[in-house]
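Peer 1: Using the working numbering, you'd call the opening residue of the sequence shown number 7 and step up by one each time.
Backbone N, C-alpha and C define an ideal beta-carbon position, used for all residues, glycine too.
One structure, as structure tokens, below. Some questions next.
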Amino acid sequence: MKHNFVTIDNLSREKIMEILEMAATFEAHPNRKILDGKIVATLFFEPSTRTRLSFETAAQRLGARVIGFTDPKVTSSTKGETLNDTIRMVANYADIIVMRHYLEGAARYAAEVSPVPVINAGDGANQHPSQTMLDLYAIYKTQGRLDNLDIFLVGDLKYGRTVHSLIMAMRHFNPTFHFIAPGELAMPDEYKEYCRRNGIRYTEYDGLDADVISGADILYMTRVQRERFTDLMEYERVKDVYILRRNMLGKARENMRILHPLPRVGEIAMDVDASSHAYYFEQARGGLFTREALICDSLGITLDEIKADTTILP
Ligand code: CP
7 MKHNFVTIDN LSREKIMEIL EMAATFEAHP NRKILDGKIV ATLFFEPSTR TRLSFETAAQ
67 RLGARVIGFT DPKVTSSTKG ETLNDTIRMV ANYADIIVMR HYLEGAARYA AEVSPVPVIN
127 AGDGANQHPS QTMLDLYAIY KTQGRLDNLD IFLVGDLKYG RTVHSLIMAM RHFNPTFHFI
187 APGELAMPDE YKEYCRRNGI RYTEYDGLDA DVISGADILY MTRVQRERFT DLMEYERVKD
247 VYILRRNMLG KARENMRILH PLPRVGEIAM DVDASSHAYY FEQARGGLFT REALICDSLG
307 ITLDEIKADT TILP
């Protein structure tokens, strides 16, 4: 059945595992014609490199065609067209809409008014559920499991929508979260309350060093989100508070992997890239396969249908 993908919160453990299996199936054979004749619309009201390009690549590798925009200034929203009208218009042309918007809740709203499925590609500081699916794919591939992991979230935990979605998804897998942020960018109370309600253990501290890192299976670094600050002086004060350097990894567990949704702007020093713990570029690569899976799932194409698919190309 066709459906929206607006939040990660309503995905069951079984559904998450099914989408990860779909992604692995696409990683084995990414080029197919399973979406031949479909049109995917990508509406990006905010800048993006990875999310937009991986969704568009996913659509095209599966045989769909892509329409959309990367800059709302070239659309009729500058003339005052509402989001309601924009979505209803685009739904006349496309089979599915992938949308990033600067307003929290915009994806939910778009899904309510759209007759075709909507995938949330990030809404303000709220959620980024497709990023979370690729984060889960990276965690599963590197750890061999999702259960019982120590996951350290570092940096901008206030505005970083990827960490909010990751907490929600991990509730099925008995994680222990470690929140590391300066006071100004601490994990918002609503997500700590979410942890308490869902029996998720968490600790909070404000320092990042080799001893802290030694307890991690996953070290999830985040960028301080300049675009969400109203006071740029405050941004300047906190932007460099955590910089991960290679010499901080000496006590890390062998299985520990460093993830980052990217882009990075200095919070991971370049010398970390050559470490066996660095996994952020491979993580982003997995976004292609998870987004192939998410487009198909939202269009009602099942795992069994993907496994039986005969449209595979070399
Ligand atoms: N991770 C992520 O959302 O990157 P982009 O902003 O480049 O899409």
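For the beta strand (DSSP E) holding T84, just list the boundary residues, first then last.
Peer 2: In the sequence shown, residue 84 corresponds to position 78, counting from 1. Per DSSP, T84 belongs to no beta strand (DSSP E) and is neither H nor E.
Peer 1: For L142, which residues of its own chain have a beta-carbon under 7 Å away from its beta-carbon, when the five flanking residues on both sides are left out?
Peer 2: As a working note, residue 142 is residue 136 in the sequence shown. Around L142: I22, L26, L152, A175.
Peer 1: Taking DSSP's pairing of strands, which residues face D129 in a bridge?
Peer 2: To locate residue 129, count along the sequence shown from 1; it is residue 123. H107, Q133.
Peer 1: Helix, strand or coil, according to DSSP, for L191 in the structure here?
Peer 2: Numbered from 1 along the sequence shown, position 185 holds the residue referred to as residue 191. Helix at L191.
Peer 1: Can you find at least 3 beta carbon pairs, one from the stretch 249-266 and one from the stretch 218-226, that sit closer than 8 Å?
Peer 2: Yes, the stretch 249-266 is in contact with the stretch 218-226.
Peer 1: When burial is assigned at 16 or more other CB atoms within 10 Å of the CB, is Y146 buried or exposed?
Peer 2: Translated into positions along the sequence shown, residue 146 becomes position 140. Per the 10 Å Cβ criterion, buried.
Peer 1: With C-beta atoms as the reference, is L268 less than 8 Å away from R38?
Peer 2: What you label residue 268 is simply residue 262 of the sequence shown in a count that begins at 1. What you label residue 38 is simply residue 32 of the sequence shown in a count that begins at 1. Not in contact: L268 and R38 (Cβ atoms no closer than 8 Å).
Peer 1: Check for me: the beta strand (DSSP E) holding L225 runs from which residue to which?
Peer 2: Residue 225 sits at position 219 when you count from the first residue of the sequence shown. Unbroken beta strand (DSSP E) run through L225: 224-227.
Peer 1: Does the structure place the stretch 202-216 close enough to the stretch 233-246 that three or more beta carbon pairs sit under 8 Å?
Peer 2: These segments do not touch.
Peer 1: By Cβ distance below 8 Å, which residues in the same chain neighbour G189 in space, the five residues on each side in sequence not counted?
Peer 2: If you number the sequence shown from 1, residue 189 lands on position 183. Taken in chain order, the residues that qualify are D212.
Peer 1: Return yes when the Cβ of S54 is within less than 8 Å of the Cβ of R297, no when it is not.
Peer 2: As a position in the sequence shown, residue 297 is number 291, starting the count at 1. As a position in the sequence shown, residue 54 is number 48, starting the count at 1. Against a cut-off of 8 Å, the Cβ pair of S54 and R297 comes out as no contact.
Peer 1: Can you say whether H9 is buried or exposed, counting buried as having 16 or more other CB atoms within 10 angstroms of its CB?
Peer 2: Here residue 9 refers to the residue found at position 3 of the sequence shown. The residue in question, H9, is exposed, as its Cβ has fewer than 16 Cβ neighbours within 10 Å.
Peer 1: Would the beta-carbon of L152 be found less than 7 Å away from any heavy atom of the ligand CP?
Peer 2: Numbered from its first residue, the sequence shown carries residue 152 at position 146. L152: no, Cβ never under 7 Å from the ligand CP.
Peer 1: Tell me the start and end of each unbroken beta strand (DSSP E) in the stretch 137-163 that is at least 3 residues and wholly inside, in chain order.
Peer 2: 156-160, all fully within the stretch 137-163.
Peer 1: Who are the near neighbours of Q149 in its chain, counting only those whose CB is closer than 8 Å to its CB and skipping five residues on each side?
Peer 2: The residue labelled residue 149 in the question sits at position 143 within the sequence shown. These residues qualify, in order along the chain: L155, D223, I224, N261, R263.
Peer 1: Helix, strand or coil, according to DSSP, for A275 in the structure here?
Peer 2: If you number the sequence shown from 1, residue 275 lands on position 269. Correct three-state label for A275: coil.
Peer 1: Between the alpha carbons of F295 and A258, how many angstroms are there, rounded?
Peer 2: The sequence position of residue 295 within the sequence shown is 289, counting from 1. The sequence position of residue 258 within the sequence shown is 252, counting from 1. Distance between the alpha carbons of F295 and A258 is about 29 Å.
Peer 1: Decide yes or no for the touch test of the stretch 74-84 against the stretch 304-316: beta carbon pairs closer than 8 Å, at least 3 of them.
Peer 2: These segments do not touch.
Peer 1: Give me whichever residues DSSP pairs with G74 in a beta bridge.
Peer 2: What you label residue 74 is simply residue 68 of the sequence shown in a count that begins at 1. In DSSP, G74 forms a bridge with T48.
Peer 1: The ligand CP and S171: does any heavy atom of the ligand fall closer than 7 Å to the residue's C-beta?
Peer 2: In the sequence shown, the residue the question calls residue 171 occupies position 165. For the ligand CP, not one heavy atom lies less than 7 Å from the Cβ of S171.
Peer 1: Any heavy atom of the ligand CP inside 7 Å of the beta-carbon of T55?
Peer 2: Reading the sequence shown from its first residue, position 49 is the one you call residue 55. Answer for T55: yes, Cβ within range of the ligand CP.
Peer 1: Quick check on DSSP: helix, strand or coil for L250?
Peer 2: Locating residue 250 in the sequence shown gives position 244, counting from the first residue. L250: strand per DSSP, three-state reduction.
Peer 1: Taking a contact to mean a Cβ-Cβ separation below 8 Å, would you say H107 touches F51 in this structure?
Peer 2: Looking up residue 107 in the sequence shown gives position 101. Looking up residue 51 in the sequence shown gives position 45. Yes.
Peer 1: Looking at R58 and the ligand CP, is the gap between the Cβ and the nearest heavy atom below 7 Å?
Peer 2: Taking the sequence shown and counting its residues from 1, the one referred to as residue 58 is at position 52. True, at least one ligand heavy atom lies under 7 Å from that Cβ.
Peer 1: The alpha helix (DSSP H) with Y286 in it runs from where to where?
Peer 2: The residue you call residue 286 lines up with position 280 of the sequence shown. Start and end: 286-304.
Peer 1: Please confirm if P269 has its CB atom under 8 Å from at least one CB of chain D.
Peer 2: The structure shown contains no chain D, having only a single protein chain.
Peer 1: For the alpha helix (DSSP H) containing L309, name the first residue and the last one.
Peer 2: If you number the sequence shown from 1, residue 309 lands on position 303. Element bounds for L309: 309-313.
Peer 1: Taking only three categories from DSSP, how would you classify T182?
Peer 2: Here the question's residue 182 lines up with position 176 in the sequence shown. In the structure shown, T182 sits in a strand (DSSP, three-state: E or B).
Peer 1: Using three-state DSSP, classify F11 as helix, strand or coil.
Peer 2: If you number the sequence shown from 1, residue 11 lands on position 5. In this structure, F11 counts as strand in the three-state DSSP scheme.
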